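S.K.:
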Amino acid sequence: MSQIWLVPAFPLLGFILNGILGKRFGTIFVSIVGPISIGLAFAQSLVLFFQMLNADGNVLSEHLYTWIKSGNFEVGINFHIDQLSGLYLLVITGIGFLIHIYSVGYMKGEDGYYRFFAYLNLFVFFMLILVLGDGFLLMFVGWEGVGLCSYLLIGYYFEKNSAAAAAKKAFLFNRVGDFGVLSAVLMIFLIFGTIEFNTINTEAVTKLEHGGIIVTVITMLLFLGATGKSAQIPLFVWLPDAMEGPTPVSALIHAATMVTAGLYMVARLSQLFVLAPLTMNIIAIIGAITALLAASIAITQTDIKRVLAYSTVSQLGYMFLAMGVGAFTTGVFHVMTHAFFKALLFLGSGSVILAIHHEQDMRKMGALKNKLPITYLTMLIGTMAISGIPFFSGFFSKDEILWYAYSSHFGSAWFWGIGFLTAGLTAFYMFRMIYLTFHGESRLDRNVFKNVSESTVSITFPLVVLAVLSVFGGFFGVPHIFHVLPNSLEILFKGFFAEIPSGHGTVTTEWILMILSVLLAFLAWYVAYRLYQSGFEIAYSLRKKWEWAYKISLNKWYVDELYNFLLIKPVHLLTNHFLWRFFDLNFLDRIVNSSGTAVRTSGNTIRPLQNGLTQNYAIIFTFGTFLILLYLI
């Protein structure tokens, strides 16, 4: 018995203990139970990962319960660990553990402290259920569970209208994606007679026509679900607004849980997706456009957390670009490295926000590098990692994505060009954030700046650990052209994902493209330095020359306004002027009011009979008896 069930059991136990006993036993109890439950899950995940590597077929399975059994049809609660779910387990529990430690210091003194940790434990539990399930049944339970927890945590400060609205927005946009997943699962069951992943991947080639309408529809519906969970065009607008939640929630959503769920589903069903070339092309196109669009928005944002939020949307686009061109291993590689540096950057931004009395506007910051040396150094490392500076973790995974975007069978020079431009914008807006936050003159209130000091150990310790991972994490997937270390991830996933036809490209071409991307990253760094190292003055002059472009970027390409015009206002008009004014008032209300009027009229008619005069009652009784006898005769 491999004891897989212990991995989700620990966070679930933490949720139960904190939810029931947390308020009674107080902060110390919650601060111990919350992080330790995730730490134990991480330790068990580590043990199971190495067991999986030594197991037959690199698979560990565990049957817990048979839910439905009818003839040959059976649906069970089964856990399954292979290379993909094993790696996800380590990322979810490892990053989750560090975020829980960080939260002890960050959320200290908050109302509802126990509630926060209970929700955080539950969030990790549902994400673990999502990746451990051997089929769509458990995956969808986890899928809906992380959606629920995101709603609860984004709306943690529910007394704020903006937080409540952001929570509802996330919930509603994800329901659109859920429709796609449920529709696809129904079609899959009708075709395969099962919803287990292994059977679907194994039999897809024989039961579905390559490039056929059915497999295309199924994969497009699944991808619709992925766009909702993983914030791709057109369902990406909920993720930046999710910044209304506490910073640890942002880190958990962006790095280790919810937004990686859609990518997990695509990678899990790679054998199904490659049978639909049209879907693969659409995934790559959507990913590339999302990456570029989000990066173009991030370059003008002034809220430090929103910069990172659009950065996440952009990086998720990179991952989908990799999946769309068939580079599944590379896409998962970037999921891992992105988890390291994005968790680091979000937690670092939280350290800054906490130190300056919850100010998030970078225009009011500056000169903090000496006040917050650990936060500054670790965030600088995270910035270099996401910007693709050699030899930080993001450099290896980003370069691999760009290479496959160009050379893969599904790739093209256009995909490479969009990814290349996005890489430059990424380096620019990330170093812009660093210079506005930590360099130049202070724009804070003098008394606030005077009292700024480095965060506590519970906050800085996770930053240091994540900084180390952001430096060395990329060496798990060093490209072959370096001939330094074996590509551990390629070895791990050998034969796991669907095989795609080999593309074009030479080693020389790969070196040239890599050098170009590195030069672009340093150029973007230099431009950010020139524009922002001393403040906004130079940037303001450029803004006046390019006012129209600046407004488009600042207003997020008016996507929210477009949704408001095309969907929200028409729905309000429909509900207010037709469904309510006409249907409710003139139809439903009249039915209800008429029934009430009828009862009232009947009561008024009968009431005089109940006047207390016994002779009247005798007459009525006699008359009633006469009618009954008349009926019987």
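Positions 926 to 1558 (my numbering) are the ones given, in order, by the sequence shown. Just so it is clear, CB atoms sit at the ideal spot from N, CA and C, and this is done for glycine as well. Just so we're clear, the structure is a prediction, and the values are computed from it rather than from any experiment.
Report buried or exposed for TYR1235, applying the criterion of at least 16 other Cβ atoms within 10 angstroms of its Cβ.
M.R.: Looking at its Cβ environment, which holds 16 or more other Cβ atoms inside 10 Å, TYR1235 is buried.
S.K.: Return the CA-CA distance between PRO1165 and ILE1113, expressed in angstroms with no decimal places.
M.R.: 33 Å
S.K.: Tell me where the beta strand (DSSP E) around SER1459 begins and ends.
M.R.: Counting along the chain, SER1459 falls outside any beta strand (DSSP E), and DSSP gives it neither H nor E.
S.K.: Which word fits LYS1470, buried or exposed, when buried means at least 16 other C-beta atoms lie within 10 angstroms of its C-beta?
M.R.: exposed
S.K.: Specify whether the stretch 1023–1043 and the stretch 980–997 touch according to this definition: at least 3 beta carbon pairs, one from each stretch, less than 8 Å apart.
M.R.: no
S.K.: Below 6 Å CB to CB, which residues in the same chain sit around SER986 once its five sequence neighbours on both sides are set aside?
M.R.: HIS1005
S.K.: Would you mind reading off the limits of the alpha helix (DSSP H) that contains LEU1391?
M.R.: Taken as a continuous stretch (DSSP letters only), the alpha helix (DSSP H) holding LEU1391 covers 1382–1397.
S.K.: Between which two residues does the alpha helix (DSSP H) carrying TRP930 extend?
M.R.: Premise fails: TRP930 is in no alpha helix (DSSP H) and is neither H nor E.
S.K.: Is the CB-CB distance between LEU1297 and GLU1379 below 7 Å?
M.R.: Cβ atoms of LEU1297 and GLU1379: closer than 7 Å.
S.K.: If distances are taken between C-alpha atoms only, which option among MET1205, GLN1157 and VAL1403 comes closest to PHE1258?
M.R.: VAL1403
S.K.: Inspect the CB distances between the stretch 1479–1494 and the stretch 1383–1394 and report whether three or more fall short of 8 Å.
M.R.: no
S.K.: Taking DSSP as the reference, what is the three-state secondary structure of GLU1284?
M.R.: coil
S.K.: Between which two residues does the alpha helix (DSSP H) harbouring PHE998 extend?
M.R.: Premise fails: PHE998 lies in the beta strand (DSSP E), 998–1006, not in any alpha helix (DSSP H).
S.K.: Is it right to say THR1500 is buried, meaning 16 or more other beta carbons lie within 10 angstroms of its own, or is it exposed?
M.R.: Burial call: exposed.
S.K.: If you check the beta carbons only, do ILE1306 and SER1395 fall under 7 Å apart?
M.R.: yes
S.K.: Under the DSSP definition of a beta bridge, which residues are partnered with ILE993?
M.R.: Note: ILE993 sits in a beta bridge opposite VAL1000.
S.K.: How many Å lie between TYR1013 and SER1520 at the Cα?
M.R.: 59 Å
S.K.: Do THR1262 and GLY1399 have their C-beta atoms within less than 7 Å of each other?
M.R.: yes
S.K.: Please classify PHE1154 as buried or exposed, where buried requires at least 16 neighbouring CB atoms within 10 angstroms.
M.R.: Rather than Phe, the amino acid found at residue 1154 in this sequence is Lys. It counts as buried.
S.K.: Please state whether the Cβ-Cβ distance between PHE1353 and ALA1449 is less than 7 Å.
M.R.: yes
S.K.: Buried or exposed for THR1046, going by 16 or more other Cβ atoms inside 10 Å?
M.R.: Residue identity check: residue 1046 is Asn in the sequence provided, not Thr. Its Cβ being crowded by 16 or more others within 10 Å, ASN1046 is buried.
S.K.: For the alpha helix (DSSP H) holding PRO1495, just list the boundary residues, first then last.
M.R.: 1494–1498
S.K.: Compute the distance between the beta-carbons of VAL955 and PHE1042, then report whether it is under 7 Å.
M.R.: Pairing VAL955 with PHE1042 gives a Cβ-Cβ distance under 7 Å.
S.K.: Just verifying my parser: in three-state terms, what is the DSSP assignment at LEU1361?
M.R.: helix
S.K.: Using beta-carbon positions only, say whether THR1254 and GLU1435 come within less than 7 Å of one another.
M.R.: no
S.K.: Provide the residue span of the alpha helix (DSSP H) that contains VAL1130, from first to last.
M.R.: Element bounds for VAL1130: 1122–1132.
S.K.: If you check the beta carbons only, do LEU1146 and GLY1102 fall under 7 Å apart?
M.R.: no
S.K.: Could you have a look at HIS985 and say whether DSSP puts it in helix, strand or coil?
M.R.: The residue you asked about is not His; residue 985 is Leu in the sequence shown. Three-state result, LEU985: strand.
S.K.: If I measure Cβ to Cβ from SER1383 and keep anything under 7 Å in the same chain, skipping five residues before and after, which residues do I get?
M.R.: ILE1026, TYR1027, VAL1029 and GLY1030
S.K.: For LYS1230, count neighbouring Cβ atoms within 10 angstroms of its own Cβ and tell me buried if that reaches 16, exposed if not.
M.R.: LYS1230 comes out buried.
S.K.: Please name the residue in SER970, LEU1361, MET1168 and VAL958 whose C-alpha comes closest to that of GLN1458.
M.R.: Residue nearest to GLN1458 within the set SER970, LEU1361, MET1168 and VAL958 is LEU1361 (criterion: CA-CA distance).
S.K.: Give me the Cα-Cα distance between PHE1265 and ALA966, rounded to the nearest whole angstrom.
M.R.: 18 Å
S.K.: Just to confirm, are GLY1273 and MET1248 a CB contact at a threshold of 7 Å?
M.R.: no
S.K.: Pick out whichever of ILE1024, GLY1428 and LYS1419 has its Cα sitting closest to the Cα of SER1276.
M.R.: Of the candidates ILE1024, GLY1428 and LYS1419, the one whose C-alpha sits nearest the C-alpha of SER1276 is ILE1024.
S.K.: Among all the DSSP beta bridges, which residues are the ones paired with GLY1058?
M.R.: PHE1004
S.K.: Are there 16 or more other CB atoms within 10 angstroms of the CB of THR1204, so buried, or fewer, so exposed?
M.R.: It counts as buried.
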